[in-house]
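K.L.:
Sharing a structure here in C-alpha cells format.
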Amino acid sequence: MFRALAAAFCAGCALAGAAFADQTDARLDLFFDELKTAEAPEAERLTDRIVDVWGEAQAPTAQLLFDRAAEAEFAREADLADELLTHLVGLYPSFAEGWAARGRVRLAAGDVSAAENDLGKALTLEPRHFPSLMLAAQIRLSVNDEEGALAAYLKALALNPHLENAKAAVRRLERRVSGQGI
C-alpha cells in the first residue's frame, strides 16, 4: 500500500512540476529577439518554436481542452472546436492562445464580430501574437478598412519580418492608402 501511495504522490509531483508555458514564458523574449535577425531556415524554426510555446497551456486540463479543440478544428468540426475553446477560455481566461484559436475558428465559421473580439483579447494578453494580427488584418480588409489592415500587417511584420504574405499585402496596401492605386 505504501508503494502505491508513494507512486501516486510521485506522479502528482511530476504533474505539479511539469513544464507548462504560454505567452508568459520567458523563452519567448529570446525567440523574438533572434527572429528579427534570423535567416530564412532559422526564422522558420523560431516561428515554429514561438507558436509551440504559445500552445503550451499552464494546466493539464487547459492543455487537454486546447489539444482536443485543435483536433476538432482540423477535422472541420467547427461547433465542437468552438464549444471546447469556449470552455477553455472560460476556465483559463489568461491563456492567449485559447482566445486566438477560438477567434480563428469563429472567423472560419463566418462570425467576424466574435472572431474580432477573440483576436483582440488574444492580442491584449499577448501583443506579439502575429498570427492574430494577420487575421485582424484580413478582417479589416473584409470591411474595406485598408488603413486598419495596413497597420495590423505592419505590426505583424515588426514582430516577425519573415511573413511573406504580410510583406506582399503591405506593398499593395501602401500604394492604395497613399493614393497610388494600381
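If you count by the working numbering, then the sequence shown holds residues -7 to 174, one letter each, in order. For each residue, glycine too, the CB sits at the ideal point set by N, CA and C.
Looking at the structure shown, is residue 120 part of a helix, part of a strand, or coil, going by DSSP?
P.N.:
coil
K.L.:
Is it right to say residue 152 is buried, meaning 16 or more other beta carbons lie within 10 angstroms of its own, or is it exposed?
P.N.:
buried
K.L.:
So, is residue 96 buried or exposed, given that buried needs 16 or more other C-beta atoms within 10 angstroms?
P.N.:
buried
K.L.:
Going by CA-CA distance only, name the one from 88, 68, 71 and 32 that's closest to residue 122.
P.N.:
Of the candidates 88, 68, 71 and 32, the one whose C-alpha sits nearest the C-alpha of residue 122 is 88.
K.L.:
Quick check: the Cα distance between residue 4 and residue 54, rounded to an integer number of angstroms?
P.N.:
Annotation note: pLDDT 34 at residue 4 (below 50); position unreliable, coordinate value reported separately. Approximately 17 Å, taken between the alpha carbons.
K.L.:
On a Cα-Cα basis, can you pick out the residue from 20, 113, 16 and 147 that is closest to residue 41?
P.N.:
20
K.L.:
Pop quiz: residue 99 and residue 142 are said to be a contact at Cβ under 8 Å. What is the actual Cβ separation, rounded to whole angstroms?
P.N.:
At roughly 19 Å, the Cβ-Cβ gap does not stay under 8 Å, so residue 99 and residue 142 are not in contact.
K.L.:
Is residue 94 helix, strand or coil when you go by DSSP?
P.N.:
Helix at residue 94.
K.L.:
Quick one: is residue 74 buried, meaning 16 or more other Cβ sit within 10 Å of its Cβ, or exposed?
P.N.:
buried
K.L.:
Which residue's Cα is closest to the Cα of residue 50: 39, 166, 90 and 38?
P.N.:
Taking only the C-alpha atoms, the option nearest residue 50 is 90.
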